[in-house]
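Q: Mind having a look at this structure? Questions to follow.
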Ligand SMILES: *[C@@H]1O[C@H](CO)[C@@H](O)[C@H](O)[C@H]1NC(C)=O
Ligand SMILES: *[C@@H]1O[C@H](CO)[C@@H](O)[C@H](O)[C@H]1NC(C)=O
Ligand SMILES: [Cu+2]
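Residue numbers (mature numbering (1 follows the signal peptide of the UniProt record, and there is no 0)): -19 to -1, 1 to 392.
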């Protein structure tokens, strides 16, 4: 299905009515940091300031837009919040909706993807299908923005969820520790906790192909998740390709096979602290003045020894399918991680919004590190969720979270 204009999506976005707090008359000018502090409490503060600046900028735009009927405005904008800032009832409503998607039948035909058993699996199948054209490409950020948005829409429209997509602030968990955070504390109001402890796990070694190795320590779990809403969850797809803590690598050419198993995690504070602390996030935002540098640093520049905040989040969650580039959306926490990825991009875009939401805010091609070489990504490059979600869009539709078919901000 292809919509030639964004009217249909606007209708969807328009239905996301949210009572937004009345705008303040005089918003104070905030002094913005210009350089990331290596002092973590200071860097946390800097991140808050940058986020507050983005909110203020976008709210002003939305206030002005409130006079135009039908546009994204201050009264209908969806607000995405950090997990820990949701009430317990809101958290439970979110995980209930995820369990609901997991109980509904898949739309990907079983002839194409035999392992897709549920609506939840539809997004995983779409991610597997396009893995090589959505990472280290010009579409990385827009594609994952749309992927997360369409999942949020399904939770709302197919499973009665009334809230919006929450996010995982890695800068905060780098301080609190993953298992002590409300996301991973294992309670009924968490995204489920760690995997059962597996003794004697070794390091995970990334790299090869002529690149220097990155040695990642194993975490405090490794086995099946034992607590919280997803303790009985079945992972149906994958793993397709991932490095294990015993130094071996999974490589499964049958990437759509049905392979039911438990959800495993290996929460690894050391990875969170090293690659996705407050300094890493603020540095990413402040030290990259063009999209090429920004998206490369976010994903980790191959050979640099740094896996970026994107890798930092994925690898600190760990486990199966969390560490599999192809099947990682099989851990429901994927969407909280990519909520934060999107939020950091949103903050960065807002610092120079006109440029960074235009074609100057796109860099890269349609293939992984341009291998094999392919044409550059443009505003007209199509993005499809295949069987997961209807309307195909273009990169241009997704550059601005409040200026096209999308209508949401981050608090
Ligand atoms: C992706 O899915 C389409 C069907 O929508 C199929 O034709 C194509 O072969 C799949 N690609 C891969 C890499 O699995
Ligand atoms: C925090 O992140 C920065 C930048 O990514 C990194 O250089 C530093 O080593 C990290 N801090 C710790 C304690 O690992
Ligand atoms: Cu991805």
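Heads up, the beta-carbon is just placed ideally off N, CA and C, and yes, glycines get one too. None of the values given here were measured: they were computed from a predicted structure.
1. Can you find the residues in the same chain that come closer than 6 Å, C-beta to C-beta, to residue 53, ignoring five residues on each side of it along the sequence?
2. Write down the C-beta distance between residue 379 and residue 364 rounded to the nearest angstrom, noting that I regard them as a contact closer than 8 Å.
3. Could you round the C-beta distance between residue 296 and residue 249 to whole angstroms and report it? I think they count as a contact, below 8 Å.
4. Please name the residue in 128, 144, 29, 323 whose C-alpha comes closest to that of residue 366.
5. Measure from the alpha carbon of residue 34 to the alpha carbon of each residue in 331, 347, 251, 108, then state which is nearest.
6. Pull up the distance between the alpha-carbon of residue 375 and that of residue 111, whole angstroms please.
7. Can you grab the Cα-Cα spacing for the pair residue 344 / residue 13, in whole Å?
8. Here's the rule: buried if 16 or more other CB atoms are within 10 angstroms of the residue's CB, otherwise exposed. What is residue 361?
9. Taking 8 Å as the threshold, find out whether the region 181 to 192 comes into contact with the region 84 to 100 through three or more Cβ pairs.
10. Check residue 41 in the structure and name its three-state DSSP category.
11. For a test of the three-state rule: what should DSSP assign to residue 373, helix, strand or coil?
12. With distances taken from CA atoms, which of 205, 160, 280 is nearest residue 319?
13. Distance, Cα to Cα, residue 97 vs residue 103?
14. Can you tell me the Cα-Cα spacing of residue 113 and residue 348, whole angstroms?
15. At which residues does the beta strand (DSSP E) containing residue 61 begin and terminate?
16. Whether or not the region 60 to 76 and the region 140 to 155 are in contact is what I'm after, with contact meaning three or more pairs of Cβ atoms, one per stretch, closer than 8 Å; do they touch?
17. Run the proximity test for residue 367: is its beta-carbon closer than 6 Å to any non-hydrogen atom belonging to ligand 1?
18. Who does residue 388 pair with in a DSSP beta bridge?
19. For residue 46, count neighbouring Cβ atoms within 10 angstroms of its own Cβ and tell me buried if that reaches 16, exposed if not.
20. Name the DSSP beta bridge partners of residue 203, please?
21. By the three-class DSSP mapping on this structure, what secondary structure does residue 22 have?
22. Which two residues bound the contiguous beta strand (DSSP E) that contains residue 231?
23. Is the closest heavy atom of ligand 2 to the C-beta of residue 260 under 6 Å?
24. Give me the Cα-Cα distance between residue 156 and residue 24, rounded to the nearest whole angstrom.
25. Among 354, 239, 339, which residue has its Cα nearest to the Cα of residue 93?
26. Going by DSSP, which residues form a beta bridge with residue 48?
27. At the level of alpha carbons, what is the spacing between residue 357 and residue 334?
28. Closer than 8 Å is the cut-off here; do at least three beta carbon pairs connect the region 117 to 136 with the region 159 to 170?
29. From what residue to what residue does the alpha helix (DSSP H) around residue 297 run?
30. With respect to the alpha helix (DSSP H) encompassing residue 157, which residues constitute its N-terminal and C-terminal limits?
31. Per DSSP, what kind of secondary structure is residue 197 in: helix, strand or coil?
32. Hey, how far is the Cα of residue 7 from the Cα of residue 298?
33. Quick one: give me the first and last residue of the alpha helix (DSSP H) that residue 99 is part of.
34. For residue 261, report the span of its alpha helix (DSSP H) as first-last.
35. Name the one or two DSSP bridge partners that residue 224 has.
36. Does the structure place the region 281 to 290 close enough to the region 71 to 79 that three or more beta carbon pairs sit under 8 Å?
A: Taking the coordinates as given:
1. Answer for residue 53: 383, 388, listed in chain order.
2. Contact between residue 379 and residue 364 holds: CB atoms are separated by about 7 Å, below the 8 Å threshold.
3. The Cβ separation is near 7 Å, so the contact holds.
4. Closest option to residue 366, Cα to Cα, is 128.
5. Proximity to residue 34 across 331, 347, 251, 108 peaks at 331, based on C-alpha coordinates.
6. Just so you know, the alpha carbons of residue 375 and residue 111 end up roughly 15 Å apart.
7. Each residue's Cα considered, the two are about 26 Å apart.
8. Residue 361 should be labelled exposed.
9. No, the region 181 to 192 is not in contact with the region 84 to 100.
10. Three-state DSSP puts residue 41 in a helix.
11. In this structure, residue 373 counts as strand in the three-state DSSP scheme.
12. Ranking the options by Cα distance to residue 319, first place goes to 280.
13. Cα-Cα distance, rounded: 6 Å.
14. Going by the C-alpha atoms only, they are around 6 Å apart.
15. Counting along the chain, residue 61 sits inside the beta strand (DSSP E) bounded by residues 59 to 61.
16. In this structure the region 140 to 155 lies against the region 60 to 76, because at least three pairs of beta carbons, one per stretch, are closer than 8 Å.
17. Within the cutoff, so yes.
18. For residue 388, DSSP records no beta bridge to any residue.
19. Buried.
20. 178, per the DSSP bridge assignment.
21. Shown here, residue 22 sits in a helix according to DSSP, grouped into three states.
22. Residues 230 to 232.
23. Yes, the beta carbon of residue 260 sits closer than 6 Å to at least one heavy atom of ligand 2.
24. Roughly 12 Å separates the two Cα atoms.
25. The option with the nearest alpha carbon to residue 93 is 239.
26. According to DSSP, residue pairing for residue 48 in a beta bridge does not occur.
27. The alpha-carbon atoms of residue 357 and residue 334 are separated by roughly 22 Å.
28. Proximity of the region 117 to 136 to the region 159 to 170 falls short of the contact definition, fewer than three beta-carbon pairs being nearer than 8 Å.
29. Where residue 297 is concerned, the enclosing alpha helix (DSSP H) stretches over 289 to 298.
30. Looking at the DSSP string, the run of the alpha helix (DSSP H) that includes residue 157 is 151 to 157.
31. Residue 197 falls in the strand class under three-state DSSP.
32. Model confidence at residue 7 stands at a pLDDT of 48, short of 50, so the residue's coordinates are unreliable; what they give is reported in the following sentence. Taking the straight line joining both Cα atoms gives about 41 Å.
33. Per DSSP, residue 99 lies in no alpha helix (DSSP H) and is assigned neither H nor E.
34. Per DSSP, residue 261 belongs to the alpha helix (DSSP H) from 259 to 267.
35. Under DSSP, residue 224 takes part in a beta bridge, and its partners are 230.
36. Fewer than three Cβ pairs drawn from the region 71 to 79 and the region 281 to 290 lie within less than 8 Å of each other, which leaves the two stretches out of contact.
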